[in-house]
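0 is the number of the first residue of the sequence shown in numbering that gives the first Met the number 0; add one for each residue after it. Backbone N, C-alpha and C fix where the C-beta goes; we use that ideal spot for every residue, glycine too. As the structure is a prediction and not an experimental result, all values here were calculated from the model. Note sheet for the following structure.
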Amino acid sequence: MENMDQREFSLQTILGAIQQSKMETTAHIDNMILPVQTTLNNLQGSLSTLCDQITELEHRVSANECNIEDLTKRVAALEKENTYLREKADDAENRSRVNNLRFTNVSEHSEGTDTASFIIQLLCHLFSSDSFPTPPVIEKAHHSPTYSSISNARSPQPFLVKFLHFQDKVKILRLAREKKELSFQGRRIYINPDFSIDLLKRRRQYDYIKKKLREAGKSYSLLYPATLRVIIDGKPKLFRTPGEAYEFFRDFVSSP
Numbered sequence: 000m001e002n003m004d005q006r007e008f009s010l011q012t013i014l015g016a017i018q019q020s021k022m023e024t025t026a027h028i029d030n031m032i033l034p035v036q037t038t039l040n041n042l043q044g045s046l047s048t049l050c051d052q053i054t055e056l057e058h059r060v061s062a063n064e065c066n067i068e069d070l071t072k073r074v075a076a077l078e079k080e081n082t083y084l085r086e087k088a089d090d091a092e093n094r095s096r097v098n099n100l101r102f103t104n105v106s107e108h109s110e111g112t113d114t115a116s117f118i119i120q121l122l123c124h125l126f127s128s129d130s131f132p133t134p135p136v137i138e139k140a141h142h143s144p145t146y147s148s149i150s151n152a153r154s155p156q157p158f159l160v161k162f163l164h165f166q167d168k169v170k171i172l173r174l175a176r177e178k179k180e181l182s183f184q185g186r187r188i189y190i191n192p193d194f195s196i197d198l199l200k201r202r203r204q205y206d207y208i209k210k211k212l213r214e215a216g217k218s219y220s221l222l223y224p225a226t227l228r229v230i231i232d233g234k235p236k237l238f239r240t241p242g243e244a245y246e247f248f249r250d251f252v253s254s255p
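So, in structure tokens, the structure goes:
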């Protein structure tokens, strides 16, 4: 009996020790888990906040993308409208100059006090009095207001002449082409249509191809506003841009 009591006491002692150890271990684990759990809870809260912020940012980015797309379309529309208005204004400016001619390299102060009368005399000198049975009517004649005496110090100030009748302007240009070289007081005189600066730049883009066409003996003309007309095998061919002309004549014309 005594041995059995001792054995039972020993088992109870062992069980008590096991339970005590279990409780201590559980308490220790709980103590260790608690800060981890707190950290996890904090991380979960931070992640939740971050997710909310990301969602808000996504909404803002989406809204900004829509705004940017709308602004891009508006800018494109405004650029298109601006180009149209500039072309329309430039066309109107050139139409207002349709009766104008520009006389270049005429000696300074040779016009005296009456520029219009001087131009009539100059035309008769350059061509012949028979070319003008009736003198052309000049509305205005003056030095070009866009001339820069600083950048063109060695060149006389050009004359800008507006004729009353378009036919007179056309006739003078034809006579100038036929005579080819015009001179007055030892200077070579040039007579050209009066174009806006923008149109003049467009027309000058053909200068290189025109030079090569002359060297190749090709007959050409530059039509208004900026179309190159070339005679090929006896037939006219039109080129709307310098690029078209370069491409067509690439066998004997190389880009500068």
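L56 has its alpha-carbon roughly 51 Å from the corresponding atom of Q204. Distance check between P241 and each of I208, E78, V105, A215 places I208 closest, using alpha-carbon atoms only. Within the DSSP secondary-structure output, F238 pairs in a beta bridge with L227. The three-state reading of DSSP puts K210 in helix, counting H, G and I together.
DSSP, read as helix, strand or coil, puts A140 in strand.
Closest in C-alpha terms to P192, from the list F165, E177, L212, comes F165.
With a cut-off of 8 Å on Cβ pairs, the stretch 165-180 is in contact with the stretch 98-106, counting three or more such pairs.
Short of 6 Å from the beta carbon of L212, and not among the five residues preceding or following it, lie these beta carbons of its own chain, in chain order: Y219.
Under the three-state reduction of DSSP output, T112 falls in the coil class, being neither helix nor strand.
Pairing T114 with E68, the inter-Cα distance amounts to about 58 Å. P134 places its beta carbon 7 Å or farther from that of I118.
Contact between L222 and D89 is ruled out by a C-beta separation of about 17 Å, above the 8 Å threshold.
Cβ atoms of V229 and K210 stay farther apart than 8 Å, at about 13 Å. DSSP places K217 outside both helix and strand once states are collapsed to three, so it counts as coil. For K161, no alpha helix (DSSP H) segment is defined; the enclosing uninterrupted segment is the beta strand (DSSP E) at 158-162. In the DSSP annotation of this structure, R249 is not part of any alpha helix (DSSP H), being labelled neither H nor E.
Within the same chain, Cβ atoms closer than 6 Å to the Cβ of F238 are found at L227, A244, the five residues on either side in sequence being excluded. F183 sits in a strand when the DSSP states are folded into three classes. Partner residues in the beta bridge of R101, as assigned by DSSP, are L159, N191.
Closest by C-alpha distance to V105, out of R96, L125, S95, is L125.
Inclusion of A225 and R202 in the CB contact set at 7 Å is warranted, their separation being smaller than that value.
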